[in-house]
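Trainee: Take the sequence shown: its position 3, counting from 1, is numbered 51 in my numbering, and each next residue is one higher. What follows is a structure written as structure tokens; I'll ask about it next.
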Amino acid sequence: MQFRRYLGRERQIEALYTALREAEGKARHPAELSREVGLDMLAIRERLDACPELFVRLPRNPEGLVRYRITSSAATLDPEQVTALIKRRARSEQLQLAAGIAIIASFGLIILLTVIPSTSLFL
Numbered sequence: 049m050q051f052r053r054y055l056g057r058e059r060q061i062e063a064l065y066t067a068l069r070e071a072e073g074k075a076r077h078p079a080e081l082s083r084e085v086g087l088d089m090l091a092i093r094e095r096l097d098a099c100p101e102l103f104v105r106l107p108r109n110p111e112g113l114v115r116y117r118i119t120s121s122a123a124t125l126d127p128e129q130v131t132a133l134i135k136r137r138a139r140s141e142q143l144q145l146a147a148g149i150a151i152i153a154s155f156g157l158i159i160l161l162t163v164i165p166s167t168s169l170f171l
């Protein structure tokens with residue numbers, strides 16, 4: 049499981065969604081998407097696997113290729129709704145990251161506030 053699935057990768061996910069939506073329901077291999085989107089094939093595969101809400105991985109075909117397509121729930125949404133979903137997920141990850149940083153900073157402050165009085169007693 050990746051920590052940042054959407055944050056900082058919104059454009060890549062939107063480009064993949066657009067490319068798969070233009071395929072009109074056909075399943076696509078990451079190599080095909082790589083030519084169309086202009087990203088590395090491994091990066092595309094990571095993006096597709098990290099967003100199960102939008103993309104589904106199909107079983108291997110007889111040639112041994114793994115292909116992807118848009119989930120049925122995402123296929124019924126308008127492109128504006130998908131963009132809003134991606135932005136909402138990225139915002140949620142941003143808030144989680146900020147909360148984690150605030151928690152770590154709070155622990156550091158508590159430790160600092162407990163250590164300072166004990167060191168000033170021996171002055």
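Cβ coordinates follow ideal geometry from the N, Cα and C atoms, glycine included.
Is the segment 49-69 close to the segment 115-128, with three or more CB pairs under 8 Å?
Mentor: Contact between the segment 49-69 and the segment 115-128 is present, because at least three Cβ pairs lie under 8 Å.
Trainee: Identify, in the order they occur along the chain, each residue of the same chain with its Cβ nearer than 8 Å to the Cβ of Glu-58, setting aside the five sequence neighbours on each side.
Mentor: Closer than 8 Å at the Cβ level, and outside the excluded window around Glu-58, lie Ile-134, Lys-135, Ala-138.
Trainee: Can you name the residues that DSSP bridges to Val-104?
Mentor: Answer is Arg-117.
Trainee: State the DSSP-derived secondary structure class of Arg-188, mapped to helix, strand or coil.
Mentor: Residue 188 lies beyond the residue range present for the chain, which begins at 49 and ends at 171; the question has no answer from this structure.
Trainee: I want to check one thing, is the minimum distance from the CB of Thr-124 to the heavy atoms of the ligand GDP below 8 Å?
Mentor: As presented, the structure is devoid of all ligands, the ligand GDP included, so that no description of it is given.
Trainee: Sort Leu-102, Phe-155, Ile-149, Arg-117 by Cα distance to Gly-73 and report the nearest one.
Mentor: Comparing Cα-Cα distances from Gly-73 to each of Leu-102, Phe-155, Ile-149, Arg-117, the minimum goes to Arg-117.
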